[in-house]
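To start, the structure under review is shown below, and the notes come after it.
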Amino acid sequence: MRPDHAAQADAPSEQSPAPRFLTRAEVERRVGLRRSAIYRRMREGRFPQPVHDIDSATVWWLESEIEAWQRARIAAREAPTDARSGR
């Protein structure tokens, strides 16, 4: 069972929604990067770190962190050129 399904089944309705997890394939589709590019950016500290399943090699990313990363990329694109270059 994927973690988002298990968490939602136990969560009371008055609380905020449970975090949604994305698989590597879902992350690749959403951000338009291949696995190698994602892992390279993770090593460089430029991409969200995954959540590891203790019992397997499966990893998931929090949807909210992927969305925040995407918003940051958009904000960086819209920033003046001098701010991006550090001048």
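In terms of the numbering used here, the sequence shown opens at residue -14 and continues consecutively. Ideal Cβ placement from N, Cα and C applies to all residues, glycine included. Computed from a prediction, not measured in an experiment: that's the story for all the values here.
Measuring alpha carbon to alpha carbon, tell me which of the options ends up nearest residue i.
{"i": "E50", "options": "R25, S1, R31", "result": "R31"}
{"i": "E133", "options": "E(-1), E13, S1", "result": "Outside the shown range of the chain, which is -14 to 72, sits residue 133, and nothing can be said about it."}
{"i": "R58", "options": "G17, E11, E(-1)", "result": "G17"}
{"i": "A3", "options": "P33, R56, E48, A60", "result": "E48"}
Who pairs with residue i in a beta bridge, going by DSSP?
{"i": "W45", "result": "V36"}
{"i": "L7", "result": "W46"}
For residue i, report the span of its alpha helix (DSSP H) as first-last.
{"i": "S21", "result": "20 to 28"}
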